[in-house]
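Visitor: Next up is a structure, given as structure tokens.
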Amino acid sequence: MPALPKEAHAQLTYRFAVPLAFLAMYQFLQSKNIFVFVRVVFWLLIQFLCSIYLGVFLIYLLGIMTLVWILTKKEFLFSNWQTGQSYSKTAIGISCIYIFLLCSAIFSLLYQYQIVSLEYGFNRSVGEIKSMIPTLSSYLIADGSLLTKWIGQSFAHVPMRHEHQMFIGLGISLVGMLGIYYIYVGTVHQQLGRISAWILFGLIVLTFSINGYSIYRVLLYLPGVGSVRALSRIVLIMLLPLGIIAAIAIDGVQQRFQTWQTRWAMLVALVLMVIVEPIFYQPYSTGISKWVDRQNDLKARLPAYDLKDPIIFVTGNPNDPHIQAVELDGMIFAQDRHLPTLNGYSGNVPPGYLDPLPCISFQNRLNSYFDLFKQSNLNNDSLANRVVVVPLFPCAGAFTLATNKTINAELASKIRLSIHAEVKTPDLLITVTIENASDEILSTLSTKGPIRLSWRLIPIDTEGQRKENPEWIERKGLNFALRPGQKEIEALKIALPTQAGRYQLEVSMVQDGVAWFHDLDMAVPKHLVEVSR
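Residue numbering for the sequence shown follows numbering that gives the first Met the number 0, beginning at 0 and increasing consecutively.
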């Protein structure tokens with residue numbers, strides 16, 4: 000299925016505990032056996048250890064499953080849980096201890112996660128999470144599918160599009176509808192099927208967004224829920240009840256058709272419907288030979304050093320759209336040589352952790368560490384003397400250190416932006432001129448949060464009225480310090496919307512984690528873009 004792979008997130012591959020937790024929960028709801036519930040919590044813990052994301056999503060699945068059971072069976076969860084069975088107090092006590100220990104392990108893991116978030120100041124804004132709550136278009140996008148990507152291409156402007164690849168495929172959709180038919184019309188696994196169908200429906204409703212409104216936004220007020228940024232990844236959990244429904248369709252066909260010729264013909268047809276789209280799916284991947292070449296390039300560029308314990312720091316090309324890959328290069332390079340490194344990659348970064356660009360001094364990362372851990376026994380100067388920089392691109396000027404300033408209205412209101420855009424199908428080439436009309440220096444590097452360029456394309460009608468109001472999602476890092484009166488020119492190359500029409504291009508600036516410049520009275524330049532297909 001197109002939605003099945005998440006090749007850019009290897010940690011989401013390990014989800015074997017999801018069906019095992021589902022099975023244990025289903026058996027517990029049937030038997031009310033407390034020993035079975037121990038297995039539920041055990042597999043939940045295992046899934047949390049494999050992936051925090053999938054552990055949280057598994058809780059949603061099990062919670063909806065329990066609610067569906069209560070509503071359909073009209074019985075309280077623990078009512079008659081000892082019916083027909085006799086348990087010794089010792090056995091029950093041991094089971095409760097096991098459950099307590101397993102739950103404690105889960106809460107301990109989440110507590111450590113919360114401690115690190117507080118320690119480093121990690122947080123997710125509602126706007127950032129909102130951009131990844133599934134919408135109708137999310138369930139129709141599969142840009143990697145050669146057969147069905149045309150369905151999602153009609154949805155032009157989808158923020159964080161790479162995270163909204165939730166289309167399960169036409170074939171499995173049809174098999175799923177056949178499964179629903181057999182669940183409610185036939186006699187095949189009706190109880191399991193109906194529970195699975197309602198779980199799938201419940202997960203969709205819980206996480207669905209219509210014009211920015213979603214039930215899930217209520218959950219964001221609960222501690223820790225906001226740490227789960229990419230809610231669209233819940234499709235990986237949805238595939239379990241969907242798979243059960245598809246399996247019921249197969250069983251239904253076997254029972255429905257009596258002659259083996261017809262039965263096999265139908266089964267082959269169903270299997271082909273399911274497997275054709277995955278066969279024509281193009282996963283995003285990078286060949287091993289390319290990674291080996293990158294490591295060999297680093298080895299050739301490694302400067303000579305006379306240190307017993309060097310700290311490696313790899314810097315990249317400022318024009319590289321995948322500058323984060325340089326962090327992976329540095330980590331692999333240092334790891335293979337059993338050396339420490341200043342390179343690192345994560346979905347979160349601490350304040351002052353600036354991109355590994357050639358003219359940004361490594362001292363910024365050391366300063367970031369000591370700003371966070373002021374009581375550290377390490378010495379900043381001693382660490383700095385051990386750093387060996389491996390540049391993939393030369394620095395033409397001086398190395399830059401970040402300030403500790405935050406943007407204010409007086410400075411932001413005097414920053415002038417102007418834009419020029421040219422359509423070069425399938426791209427839009429944009430030139431942004433940034434002028435500092437204030438009386439103070441504008442430095443884009445700050446330990447309080449980097450200043451970046453941001454843009455959005457707004458669909459408009461023939462009268463210039465907005466059809467949508469997309470979030471400011473896109474970013475481009477900036478690396479300069481503008482003195483009063485100076486200008487800087489930045490070039491952008493973005494993909495044109497796939498849907499023809501009129502769009503209004505807007506460009507702004509933001510200090511991440513601090514404020515948007517347009518909220519501090521900076522004028523936002525606008526440019527009309529005509530897209531024809």
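Ideal Cβ placement from N, Cα and C applies to all residues, glycine included.
Kindly list the residues whose CB is nearer than 8 Å to the CB of GLY251, restricted to its own chain and excluding five residues on each side of it in sequence; keep chain order.
Guide: Closer than 8 Å at the Cβ level, and outside the excluded window around GLY251, lie LEU177, GLY178, TYR180, TYR181, GLY185, VAL187.
Visitor: Given ASP511, which residues of its chain have a CB within under 7 Å of its CB, disregarding the five upstream and five downstream residues?
Guide: Contacts found: GLY448, PRO449, ARG451.
Visitor: In this structure, does DSSP put GLU276 in helix, strand or coil?
Guide: helix
Visitor: Rounded to the nearest angstrom, what separates GLN29 and PHE21 at their Cα positions?
Guide: Roughly 12 Å between the two C-alpha positions.
Visitor: Alpha carbon to alpha carbon, what distance is there between GLY211 and ARG455?
Guide: 17 Å
Visitor: Buried or exposed, going by whether 16 or more other CB atoms sit within 10 Å of the CB of PHE361?
Guide: buried
Visitor: Only counting the same chain, and skipping five residues up and downstream in sequence, which positions put a Cβ closer than 8 Å to that of ILE331?
Guide: TRP290, GLN294
Visitor: When you compare each of GLN152, VAL115, ILE114, SER445 to LEU495 by their alpha carbons, which one comes out closest?
Guide: It is GLN152 whose Cα lies nearest to the Cα of LEU495.
Visitor: Kindly list the residues whose CB is nearer than 6 Å to the CB of LEU441, restricted to its own chain and excluding five residues on each side of it in sequence; keep chain order.
Guide: ASN435, LEU481
Visitor: Is the segment 422-438 in contact with the segment 475-494, if contact means three or more CB pairs nearer than 8 Å?
Guide: yes
Visitor: Sort TYR502, SER453, ILE236 by Cα distance to GLY463 and report the nearest one.
Guide: TYR502
Visitor: Starting from ASN435 and walking both ways along the beta strand (DSSP E), at which residues does that stretch end?
Guide: ASN435 -> beta strand (DSSP E) spans 426-435.
Visitor: Could you give the residue range of the beta strand (DSSP E) that holds MET131?
Guide: Element bounds for MET131: n/a, residue is neither H nor E.
Visitor: Taking just the CA atoms, how far does ILE311 sit from PRO339?
Guide: 6 Å
Visitor: Whose C-alpha, out of ARG232, LEU70, ALA196, GLU6, is nearest the C-alpha of LEU57?
Guide: Relative to the Cα of LEU57, the nearest Cα in the group ARG232, LEU70, ALA196, GLU6 belongs to ARG232.
Visitor: According to DSSP, is VAL252 helix, strand or coil?
Guide: Reduced to three states, the DSSP call for VAL252 is helix.
Visitor: Can you find at least 3 beta carbon pairs, one from the segment 130-142 and one from the segment 160-179, that sit closer than 8 Å?
Guide: Taking one beta carbon from each stretch, the segment 130-142 and the segment 160-179 have 3 or more pairs nearer than 8 Å; the two touch.
Visitor: Determine whether the beta carbon atoms of LEU43 and ALA104 lie at a separation below 8 Å.
Guide: When the beta-carbon positions are compared, LEU43 and ALA104 stay at least 8 Å from each other.
Visitor: Could you spell out the range, first to last residue, of the alpha helix (DSSP H) harbouring TYR502?
Guide: In the DSSP assignment, TYR502 falls outside any alpha helix (DSSP H) and lies within the beta strand (DSSP E) extending over 500-510.
Visitor: In this structure, does DSSP put HIS156 in helix, strand or coil?
Guide: coil
Visitor: With a threshold of 8 Å on Cβ separation, who are the neighbours of LEU341 within its own chain once the five nearest residues in sequence on each side are excluded?
Guide: For LEU341, same chain residues with a beta-carbon under 8 Å away, outside a window of 5 residues either side, are ILE310, ILE311, PHE312, GLY329, PHE361, ARG364, LEU365, VAL386 in chain order.
Visitor: Output the residue ranges of the alpha helix (DSSP H) runs that lie fully inside the segment 328-371 and measure 4 residues or longer, sorted by chain position.
Guide: 362-371
Visitor: With ALA383 as the anchor, note down where its alpha helix (DSSP H) starts and where it stops.
Guide: 379-385
Visitor: DSSP has ILE459 in a bridge; who is on the other side?
Guide: ARG465, ARG501
Visitor: ILE236 by DSSP, collapsed to three states: which one?
Guide: helix
Visitor: Is the segment 254-261 touching the segment 113-125 in the sense that three or more CB pairs, one from each, lie closer than 8 Å?
Guide: no
Visitor: Just confirm the distance between the C-beta atoms of LEU205 and TYR215, as a whole number of angstroms; I'd bet it's less than 8 Å.
Guide: 6 Å
Visitor: Buried or exposed: where does HIS517 fall if 16 or more other Cβ atoms within 10 Å of its Cβ makes it buried?
Guide: buried
Visitor: What would DSSP say about THR186, mapped onto helix, strand or coil?
Guide: coil
Visitor: Whole angstroms is fine: what's the gap from ASN318's alpha carbon to TRP68's?
Guide: 55 Å
Visitor: Less than 8 Å between the C-beta atoms of GLY175 and ILE236, yes or no?
Guide: no
Visitor: Give the single residue among SER417, LEU410, LEU60, SER437 whose Cα lies nearest to the Cα of ALA16.
Guide: LEU60
Visitor: Classify VAL115: buried if its beta carbon has 16 or more other beta carbons within 10 angstroms, exposed otherwise.
Guide: exposed
Visitor: Using a 10 Å radius around the Cβ and a threshold of 16 neighbouring Cβ atoms, would you call LEU477 buried or exposed?
Guide: LEU477 comes out buried.
Visitor: Which class does PHE166 belong to by DSSP, given the choice of helix, strand or coil?
Guide: coil
Visitor: Reducing DSSP to helix, strand and coil, say where ARG262 ends up.
Guide: In this structure, ARG262 counts as helix in the three-state DSSP scheme.
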